[in-house]
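Engineer: Before I ask anything, let me first share the structure, which is written out below as structure tokens.
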Amino acid sequence: MISGIDGTGNGMALKVAVPLALLVIWGVLSNIIDNSFILPSPLSVIYVLAYPWGNILGSGTLLDNALVSLQRVTFGFLAALIVAIPLGICMGRYETVYHLFDKATAMLRPIPPLAWVPLSLAWLKIGMGSMLFIIAIGAFFPILLNTIDGIRGVKNSWIEAVAMLGAGEYDLLTRVFLPGAAPTIWTGLRVGFGIAWMCVVAAEMMPGASTGLGYLIMYAYGWGQIQVVMAGMVVIGLIGLAIDLVFKSVEVKWFSWRRLDK
Amino acid sequence: MRLVVDRLGKEFPKAKGETLKVLDDITFSSSEEETIGILGPSGCGKTTLLRIIAGLEKPSTGEVLLDGSRVDSPNPKMGMIFQEYSLLPWLNVAENVSIGLEIRNASEEERREKVERYLSLVGLQGVAENHPYELSGGMRQRVAVARSLTLEPAMLLMDEPFAALDPQTRGEIQESIIRLKEVTGKTIILVTHSVEEAVFLADRLVILSARPGRIHKIILVDLKRPRDRASEEFVSLRVQVLNLLSDLAVASKADR
Ligand SMILES: Nc1ncnc2c1ncn2[C@@H]1O[C@H](COP(=O)(O)OP(=O)(O)OP(=O)(O)O)[C@@H](O)[C@H]1O
Ligand SMILES: [Mg+2]
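Order-wise, the sequence lines are chains X and Y.
Straight run, no breaks: the first sequence in the working numbering ends on number 761.
Straight run, no breaks: the second sequence in the working numbering ends on number 270.
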């Protein structure tokens with residue numbers, strides 16, 4: 500094996516070395532600084548994390564807030580996917596549709612989701628609607644672009660071989676285009692979900708939010724509870740990591756043909 | 015099934031409004047159960063001709079008739095075996111072979127029965143559950159042949175299907191094509207670079223000249239089957255066709 504990362508034996512030690520070192524440095528620094536408003540000790544953060552069902556400053560538990568955020572990200576993500584995948588399929592398959600939407604999407608894409616906050620508040624008012632909008636904007640473009648790419652990457656020889664067997668446009672869509680593009684679309688979903696997860700935290704910091712991990716860490720900051728802020732950040736990171744692992748394991752399980760077929 | 019290719023021409027658009035003439039005035043027809051070999055210098059339009067016959071490409075002039083009706087889109091009465099690898103990599107062998115039947119909504123029983131029958135006809139057993147990437151090139155081409163047979167097309171179109179195979183495997187597949195012809199009596203249009211393959215399999219050879227491809231000569235292969243590649247008639251016909259083709263290649267180089 501050429502690369503040193505083989506995931507076995509000392510590979511495991513390699514993977515945890517940096518996180519452990521950071522933890523140690525954090526502990527030492529917090530001891531030196533000795534000010535929990537600037538850098539609380541790792542232990543105080545772990546203490547918060549150890550009781551995820553404990554009510555924090557009357558703003559709900561870590562667990563409840565995490566569930567609320569997860570629910571929001573799921574709905575926002577689904578809303579993005581429902582529009583982005585069909586649009587991407589049409590743009591990837593039909594040249595006219597591509598030219599129809601290409602310039603508009605290319606112009607909207609560089610606008611960061613946070614820049615949509617004022618407009619979303621103006622249009623949808625404070626609450627669930629405006630949050631879902633921000634989340635959906637974040638997830639939309641990676642899904643769209645990867646769907647277009649995936650459909651275009653479908654080999655002509657697959658299409659023609661199946662067309663010769665009497666397939667109509669619908670058969671081609673379900674039997675060739677979708678399965679052939681699925682690995683790339685899946686990558687888009689994975690990237691899109693990651694961005695949506697970042698956006699949910701940002702959306703929960705908008706005025707009027709009263710639940711969610713984003714709200715919780717801003718609220719705790721207001722009370723000077725930096726260990727809660729950091730515990731919330733750790734939870735955000737861990738959930739993001741876990742979801743990414745789920746996406747990756749599905750990729751390995753369902754789409755291994757793409758890696759093996761060459 | 016009777017194929018008529020009638021005064022077929024094809025031009026592709028090039029840059030600056032020019033066109034590239036690829037095929038010119040191609041006329042020939044096949045009788046039932048005939049095997050026609052198409053030979054010609056590289057780039058003379060053989061693949062294009064086959065794709066037009068298949069309905070995958072529109073002709074610029076002329077037409078293709080199948081039992082009297084005009085071909086202008088893919089028709090499941092014709093099965094096509096492509097030169098490049100065209101199996102769907104996410105499906106296993108059995109699923110690949112049965113995809114045409116699924117499109118046709120055949121019953122599960124019929125699908126299972128036909129997958130088995132045609133896989134064994136092309137000499138493949140025990141790989142139904144494997145994925146294409148687990149197979150050798152020769153096995154993949156056999157799967158593609160089996161796939162095209164399940165809908166029981168009256169005609170098979172093959173575009174250099176065995177070019178990438180080693181001589182041993184190639185010989186084996188040629189034998190299974192002959193067996194297939196005896197069992198099913200299909201009309202076969204075979205594009206190939208191998209003169210030996212063409213003389214071995216075909217009843218008639220259509221020789222195309224260099225681009226734009228025109229019919230240079232049609233040769234009847236009047237050899238009894240089973241054919242013996244080492245027999246005097248076989249070798250002399252092979253040499254005659256080889257000479258014809260190398261003359262065509264030289265002529266086309268002199269033009270440029
Ligand atoms: N879609 C296309 N657009 C433009 N030009 C094309 C197209 N398809 C084929 N050609 C051109 O037509 C000519 C004939 O191509 P074709 O593939 O039919 O040749 P061929 O006889 O099959 O060659 P080979 O023996 O190398 O396979 C080539 O010059 C090719 O570049
Ligand atoms: Mg060719």
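Glycine included, each C-beta is placed from N, C-alpha and C at the ideal position.
So the alpha helix (DSSP H) Arg154/Y belongs to, where does it begin and stop?
Structural biologist: What you label residue 154/Y is simply residue 140 of the second sequence in a count that begins at 1. First-last of the alpha helix (DSSP H) with Arg154/Y: 151-163.
Engineer: Should Ile737/X go down as buried or exposed, given a rule of 16 or more other Cβ atoms within 10 Å for buried?
Structural biologist: Taking the first residue of the first sequence as position 1, residue 737/X is located at position 238. The identity of residue 737/X in the sequence shown is Leu, whereas the question assumes Ile. So Leu737/X counts as exposed.
Engineer: With a 10 Å radius around its C-beta and 16 neighbouring C-beta atoms as the bar for buried, classify Met172/Y as buried or exposed.
Structural biologist: Against the second sequence, residue 172/Y aligns to sequence position 158. Met172/Y should be labelled buried.
Engineer: Which residue spans inside the stretch 644-729 of chain X form an unbroken alpha helix (DSSP H) run of at least 4?
Structural biologist: Within the stretch 644-729 of chain X, the complete alpha helix (DSSP H) runs of at least 4 residues are 655-662, 668-671, 677-702, 712-721.
Engineer: Less than 7 Å separating the beta-carbons of Leu165/Y and Pro88/Y?
Structural biologist: As a working mapping, residue 165/Y is identified with position 151 in the second sequence. As a working mapping, residue 88/Y is identified with position 74 in the second sequence. No, the Cβ-Cβ distance between Leu165/Y and Pro88/Y is not below 7 Å.
Engineer: So the candidates are Ile221/Y, Val213/Y, Asp261/Y, Val220/Y; which of them puts its Cα closest to the Cα of Ser239/Y?
Structural biologist: Start at 1 with the first residue of the second sequence, and residue 239/Y comes out as number 225. Note that residue 239/Y corresponds to Arg in the displayed sequence, not to Ser. Nearest C-alpha to Arg239/Y: Val213/Y.
Engineer: Specify, as a first and last residue, the run of the alpha helix (DSSP H) that His598/X falls within.
Structural biologist: To locate residue 598/X, count along the first sequence from 1; it is residue 99. That run of the alpha helix (DSSP H) goes 594-607.
Engineer: Measure the alpha-carbon distance for Tyr593/X versus Lys624/X and round it to whole angstroms.
Structural biologist: Position 94 of the first sequence, counted from the start, is the residue given in the question as residue 593/X. Position 125 of the first sequence, counted from the start, is the residue given in the question as residue 624/X. Taking the straight line from one Cα to the other gives about 37 Å.
Engineer: Determine, using beta carbons only, whether Trp722/X comes closer than 7 Å to chain Y.
Structural biologist: Here residue 722/X corresponds to residue number 223 of the first sequence, with the count starting at 1. For Trp722/X, the answer is no, since every Cβ of chain Y falls outside 7 Å of its Cβ.
Engineer: Expressed to the nearest angstrom, what Euclidean distance is found between the alpha-carbon atoms of Gly506/X and Leu135/Y?
Structural biologist: For this step, residue 506/X is matched to residue 7 along the first sequence. For this step, residue 135/Y is matched to residue 121 along the second sequence. A caution first: Gly506/X carries a pLDDT of 48, below 50, which makes its placement in the model too unreliable to give a value.
Engineer: Assuming Cys58/Y and Leu237/Y are in contact, meaning their beta carbons sit under 8 Å apart, how far apart are those beta carbons, in whole angstroms?
Structural biologist: As a working note, residue 58/Y is residue 44 in the second sequence. As a working note, residue 237/Y is residue 223 in the second sequence. Contact flag wrong, Cβ pair sits at about 25 Å.
Engineer: Work out the CA separation of Leu115/Y and Arg125/Y for me, nearest whole Å.
Structural biologist: Taking the first residue of the second sequence as 1, we reach residue 125/Y at position 111. Taking the first residue of the second sequence as 1, we reach residue 115/Y at position 101. If I take the Cα positions, the gap works out to 6 Å.
Engineer: Taking Cβ-Cβ distances shorter than 9 Å, what residues in chain X pair up with Gly93/Y?
Structural biologist: Here residue 93/Y refers to the residue found at position 79 of the second sequence. Simply Met663, Leu664.
Engineer: Return the first residue and the last residue of the beta strand (DSSP E) that Ser43/Y is part of.
Structural biologist: Against the second sequence, residue 43/Y aligns to sequence position 29. Segment 33-43, the beta strand (DSSP E) holding Ser43/Y.
Engineer: Just to confirm, are Ser56/Y and Ile50/Y a CB contact at a threshold of 7 Å?
Structural biologist: Mapped onto the second sequence, residue 56/Y falls at position 42. Mapped onto the second sequence, residue 50/Y falls at position 36. Result no, Cβ atoms of Ser56/Y and Ile50/Y do not sit closer than 7 Å.
Engineer: Any beta carbon of chain Y sitting closer than 7 Å to that of Pro678/X?
Structural biologist: In the first sequence, residue 678/X corresponds to position 179, counting from 1. Chain Y, which has a Cβ nearer than 7 Å to the Cβ of Pro678/X, makes this yes.
Engineer: Within 7 Å of any Cβ in chain X, is that where the Cβ of Leu80/Y sits?
Structural biologist: The residue labelled residue 80/Y in the question sits at position 66 within the second sequence. Answer no: the Cβ-Cβ gap between Leu80/Y and chain X never drops below 7 Å.
Engineer: Do Ile735/X and Leu712/X have their C-beta atoms closer together than 7 Å?
Structural biologist: Numbered from its first residue, the first sequence carries residue 735/X at position 236. Numbered from its first residue, the first sequence carries residue 712/X at position 213. Yes. Within cutoff.
Engineer: Under 7 Å Cβ to Cβ from Ala216/Y, same chain only, skipping five residues before and after it: list those, please.
Structural biologist: Your numbering for residue 216/Y matches position 202 in the second sequence. Counting only Cβ-Cβ distances below 7 Å, and skipping sequence neighbours, we find Thr49, Ile50, Gly51, Leu204, Val235.
Engineer: Is Glu60/Y close to ligand 2? I mean its beta-carbon at under 6 Å from any heavy atom of the ligand.
Structural biologist: Along the second sequence, read from residue 1 onward, the residue named residue 60/Y stands at position 46. Here the sequence assigns Lys to residue 60/Y, which means Glu is not the residue at that position. Lys60/Y: yes, Cβ under 6 Å from ligand 2.
Engineer: Under 8 Å, with one C-beta from each stretch per pair, do the stretch 676-687 of chain X and the stretch 625-634 of chain X reach the 3-pair mark?
Structural biologist: No, the stretch 676-687 of chain X does not touch the stretch 625-634 of chain X.
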